[in-house]
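Undergrad: Dropping a structure here in structure tokens format, bear with me for questions.
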Amino acid sequence: MSSNKSDRDRKIAKAGPYILRVDPGRYLWCACGRSQTQPFCDGSHTGTSHLPIEVEFKASTRVAWCGCKCSGKAHLCDGSHNQLSEAKAMAAKRE
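Residues 1060 to 1154 (this note's numbering) make up the sequence shown, in order.
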């Protein structure tokens, strides 16, 4: 991950995925990492450069939502958390 302002105001919510079953409907995935209702947006991104990503599901399904906010697949976990430094991963566990 680079160290531009966009990355600096992003918080690692969890060093791993949030695996949840979702019902059909629209969801707002938290991209800033600050939401208290992870992995979903609660509006905490105000003042950051990160907006939530709207995701729609047509049927009930199990989703591995990205918790580290570094995935190349936006809201879906792609294993990017495995590339986090140990210090960043430990900090995410404490929060």
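For every residue, glycine included, the Cβ atom is placed at its ideal position computed from N, Cα and C.
Looking only at its chain, what residues have a beta carbon closer than 8 Å to the beta carbon of Ser1139, apart from the 5 residues adjacent to it on each side?
TA: Hits under 8 Å: Cys1125, Cys1127, Cys1129, Ser1130, Gly1131.
Undergrad: Have a look at Lys1073 and Pro1111 and give me their C-alpha separation to the nearest angstrom.
TA: 17 Å
Undergrad: Could you check which residue in His1134, Gly1075, Cys1091, Leu1143 has the C-alpha nearest to that of Phe1116?
TA: His1134
Undergrad: Anyone know if the C-beta pair for Ala1118 and Pro1083 falls short of 7 Å?
TA: yes
Undergrad: If you check the beta carbons only, do His1104 and Arg1069 fall under 7 Å apart?
TA: The answer is no: Cβ separation not under 7 Å.
Undergrad: Return yes when the Cβ of Pro1098 is within less than 7 Å of the Cβ of Cys1091, no when it is not.
TA: no
Undergrad: Thinking C-beta only, is Cys1100 closer than 7 Å to Leu1079?
TA: no
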